[in-house]
Amino acid sequence: MSLEQVEQLAAAGIINGSFYALLGAGFGVILGVTGRFHYAFALTFTFAAYVTSVLETDGHLPFPLSGLAGLIAAAALGVAIERWIYRPLAHASGALSLLTIFISSLGLTIAGVNLITLVWTAFSRSITLIDVRPLHIEGVTFTTLDVLIVATCWLLIAALNATLSFTDLGRSIRAARGNPYLARIMGLEPDAIYLAVFAIGSLLCGAAGILDGARYAVQPNMGIRPVVFAFVVAFLGGTQSRPLVVGLAGLLIGLIESLSGLFVSPQWSSLVVFSVLFIYLVLRPLDLRAFRIQILSAMPDPARGE
Amino acid sequence: MSAAAESLVAIVACAAGLAAPRCARRSPSNLAFAQDTAPSGAGGVTGDQITKVLGLDGKNLGTGMHFKLGIVLALTGPGSYYGRIQGNGAKLAVAQIKAAGGPDIELVFKDHKSADAQAGARAARELGIDGVSAVLTSYVGDIGAMFPGLAQYKMLALDGGGGTSDFGKPFFWGMRAIEPDDDFTGALKYWKATDPKIKRVSLVYIDQGPANEIVIGNFNKALADTGLQLASSEVTTIGATDYSATIARLKSANPDAVFLFNIGVDPGYFMKQFVNAGLTMSVIGAEYISDAAKVAGPAYDNYMFATDWFNAANPTNPWSKLFLDSYVKEFSLEPEINAANYYEDTFAMWDIIRRVLAKGGNVKSGEELQNALIANPKFQSVYGGTASEVGTIELNTTTHSVTKRPLGIYMSNGGKPKQVASFGIGGTDFALIK
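Sequences listed follow chains W and B, in order.
Last residue of the first sequence: number 307 in the numbering used here, and the count goes up by one each step with no gaps.
Last residue of the second sequence: number 442 in the numbering used here, and the count goes up by one each step with no gaps.
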């Protein structure tokens with residue numbers, strides 16, 4: 002193990018982690034607010050990349066326009082899924098809606114991916130964002146595209162954070178997330194808020210899909226693996242947490258995944274990531290809370306005159 | 009239920025693995041195949057052209073007979089590119105065989121979902137229950153998952169996607185050079201012959217479970233035979249897109265050259281990141297498909313590959329020329345190794361059928377089909393040969409792998425691969441091509 006290898010893996014971890022952060026923030030806001038286990042996030046991811054690539058390569062549109070169309074397509078798909086599939090299913094299924102929606106989401110993804118293959122074939126496509134050049138800093142190599150990906154991911158996460166914290170829409174979303182019944186009493190429309198949340202989450206997912214298409218390639222199954230990492234990040238960060246916190250969880254996952262390459266073959270990196278999630282989920286409700294209580298009890302309590 | 013809704017339900021049910029007989033015909037992957045629908049005109053080739061080029065005498069062709077041929081491919085998942093191309097080759101062959109007076113072959117498609125062992129095992133079972141006696145498989149019989157089913161139902165299987173390596177299982181025959189063993193023997197000889205500075209070589213290869221040790225063992229033996237050393241070995245996952253950790257490890261190992269054994273579009277993803285990481289050492293892979301070249305873009309310019317590749321720029325015999333022209337006409341694509349292999353393997357099945365019919369045997373018996381193969385393990389091929397004579401491949405009846413098949417080293421050359429060396433199975437008869 003050399004210092005250069007550690008640095009190189011850390012750089013890869015930051016790049017991948019930023020990407021996971023964006024996906025996790027998008028997935029987390031949907032899951033946290035609506036309670037929908039939106040597996041079709043993978044379909045949205047793929048669809049945005051395809052729309053962008055097709056318009057760029059076949060339609061000869063410059064990237065800003067094709068990318069914008071891809072983002073709009075992603076948001077529209079997310080909203081359509083919520084409005085015409087999840088909402089009727091949720092109303093019909095009552096307490097079982099989580100499972101019903103997950104199953105329908107899975108089926109929708111399989112059908113959607115196959116329809117994409119039918120329409121655009123299984124051949125790989127590309128997206129060209131910028132001229133990709135390698136950059137070398139102190140023995141660590143990355144590309145101009147990697148820099149763009151990291152910057153874009155954190156910019157979008159910060160924008161989501163700001164939207165939720167400082168806008169009326171954000172306050173409504175947080176209200177619906179905290180207590181949808183109370184939000185309704187206060188005059189808010191959770192159904193409309195859910196649509197907005199799906200639009201926002203799908204927009205972030207679409208951005209991630211476009212970045213992934215530019216970094217690797219656009220192909221029908223491109224969304225399956227990233228969306229699994231989005232689940233992990235959202236759970237690790239907490240579905241009720243602020244996007245920046247979820248983002249940091251994504252960064253952590255990226256670093257763990259990458260730096261595990263120092264100790265085990267890269268083929269086991271996913272196992273390491275899921276092991277971390279498993280350990281966290283097992284320990285969180287027990288030891289960490291107990292640890293916090295221990296710390297609080299050890300601190301001086303002014304109420305007791307300490 | 010409307011037709012569209014019914015289709016959607018069928019797509020979801022079949023793709024989710026709720027396999028029913030109708031799924032074989034209406035699976036999403038088969039729908040995906042609709043864009044390359046079975047050729048009716050056999051690519052403009054007449055029956056006479058086929059019988060003439062193959063030297064058939066018009067006897068025991070199986071005219072009017074219906075024959076079910078299973079075909080288990082990666083129709084969905086990251087390897088779906090393969091499935092499409094391999095299916096194209098088989099469909100073209102079926103049309104041409106019928107035009108030449110052969111049987112009416114029904115291709116019964118099954119999806120192993122790009123190396124899903126459960127799907128492969130299920131496909132073998134379904135084909136066996138369906139009474140199929142012969143199968144074209146891929147991914148080395150879905151990396152072995154089909155072997156028990158093939159043996160249980162006695163179905164003769166030809167795999168045009170990979171060799172048998174050390175498997176040699178009953179009813180299963182690998183129709184390609186052994187992947188990657190035969191490839192790296194040629195690659196190491198090429199480095200030895202062209203660049204004396206290359207001493208230490210890294211091996212990057214896909215995870216094949218228990219076969220990993222065989223691959224490493226054979227690679228070390230080939231290194232020792234050529235006087236080279238192992239710098240490092242890195243295992244990757246089939247279908248991986250992110251190679252950052254592997255490349256960081258390669259940078260640390262600092263080899264003089266890298267042999268890359270991954271498949272499908274994976275070499276494209278690897279090379280894109282390899283070049284972007286500023287690495288410049290020679291890389292020889294085990295495969296080339298145009299889709300991987302598209303993924304890699306300019307990063308593929310210096311990529312080389314060593315394999316039994318079908319060179320569409322240089323059809324070597326009259327049958328390969330006929331195949332090339334008809335494939336291009338039918339699919340508006342240049343055929344690749346995967347199309348060529350499943351095309352000639354379908355013809356090999358027809359050859360076996362003719363042999364069984366000539367002896368008055370039963371072609372619905374996989375055992376009789378296999379016996380016919382063992383009696384004469386030699387088939388005509390679109391590979392090799394001369395301007396006037398079709399090529400041949402031969403199989404070893406003990407190992408069930410190929411003993412004669414031309415291989416080459418090629419430079420990617422901007423999407424127009426150029427051959428720079430030739431060799432045979434096991435690295436024999438190595439020669440540089442000027």
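Don't be surprised by glycine CBs; every beta carbon is placed ideally from N, CA and C.
Predicted model only: the values in this text are computed from it and were never measured.
Restricted to the stretch 195-247 of chain W, the alpha helix (DSSP H) segments that are unbroken, complete and at least 4 residues in length are 225-238, listed in chain order. Contact between Asp138(B) and Lys76(B) holds: their C-beta atoms lie close to 7 Å from each other, under 8 Å. Contact between Tyr90(B) and Gly169(B) holds: CB atoms are separated by about 7 Å, below the 8 Å threshold. The three-state secondary structure of His92(W), taken from DSSP, is helix. In summary, Met357(B) is buried, with 16 or more beta-carbon neighbours lying within 10 Å of its beta-carbon over all protein chains present. Taking a cut-off of 8 Å on C-beta distances, the stretch 240-252 of chain B does not touch the stretch 103-118 of chain W, as fewer than three cross pairs fall below it.
Proximity of chain W to Pro86(B) at the Cβ level (cut-off 7 Å) is accounted for by Asn222, in chain order.
Going by DSSP, Ala239(B) is part of the beta strand (DSSP E) stretching over Gln237 to Thr244. Proximity of Gly432(B) to chain W, defined by a Cβ-Cβ separation below 9 Å, is not satisfied.
Judged by their CB atoms, Ala294(B) and Phe318(B) are not nearer to each other than the 9 Å cut-off. Secondary structure at Asp167(B): strand, using DSSP grouped into helix, strand and coil. Chain B places a beta carbon closer than 9 Å to that of Val133(W), counting this residue as a contact. Between the stretch 365-380 of chain B and the stretch 188-203 of chain B, the count of C-beta pairs closer than 8 Å stays below three; the two stretches do not touch. Distance from the CA atom of Gly432(B) to the CA atom of Asp316(B), rounded to whole angstroms, is 9 Å. No Cβ of chain W is located within less than 9 Å of the beta carbon of Lys118(B). Pairing Met73(B) with Met223(W), the inter-Cα distance amounts to about 43 Å.
Around Glu5(W), the beta-carbon contacts reaching into chain B at under 9 Å are Ala256, Lys259 and Ser260. Within its own chain, the residues whose Cβ lies closer than 8 Å to the Cβ of Asn346(B), once the five positions on either side in sequence are excluded, are Tyr90, Ile93, Gln94, Gly97, Gly168, Gly169 and Ile297, listed in chain order. From the beta-carbon of Asn384(B), no residue of chain W is found nearer than 7 Å; the closest lies around 37 Å away. Within the stretch 362-442 of chain B, the runs of beta strand (DSSP E) at least 3 residues long that lie entirely inside it are, in chain order, 386-389, 399-403, 410-412, 415-419 and 426-431. Ranked by Cα distance from Leu403(B), the first of Val53(B), Ile186(B), Lys60(B) and Gln104(B) is Ile186(B). Note that the C-beta distance between Val55(W) and Ala75(W) is not below 9 Å.
Between Ala314(B) and Leu415(B), the C-beta gap is smaller than 9 Å, which places the two residues in contact. Closest option to Gly78(B), judged by alpha-carbon separation, among Gly55(B), Val116(B), Lys106(B) and Phe438(B): Val116(B).
Using a C-beta cut-off of 8 Å, the stretch 191-207 of chain W makes contact with the stretch 39-46 of chain W, since at least three inter-stretch Cβ pairs fall below that distance. Restricting attention to alpha helix (DSSP H) runs no shorter than 4 residues, the stretch 254-284 of chain W encloses them at 270-284, ordered along the chain. Contact between Met289(B) and Tyr418(B) is ruled out by a C-beta separation of about 18 Å, above the 8 Å threshold. Contact of Tyr308(B) with chain W is not assigned, every C-beta pair being separated by 9 Å or more. Our two residues, Phe124(W) and Ala176(W), have alpha carbons roughly 45 Å apart in a direct line.
If you draw a straight line from the Cα of Ala301(B) to the Cα of Gly276(B), it is about 6 Å long. Under the 9 Å criterion on CB atoms, Ser166(W) is classed as non-interfacial with respect to chain B. Listed along the chain, the chain B residues whose CB falls inside 7 Å of the CB of His137(W) are Gly286. Of the other Cβ atoms in all chains shown, fewer than 16 fall within 10 Å of the Cβ of Val120(W); this residue is therefore exposed.
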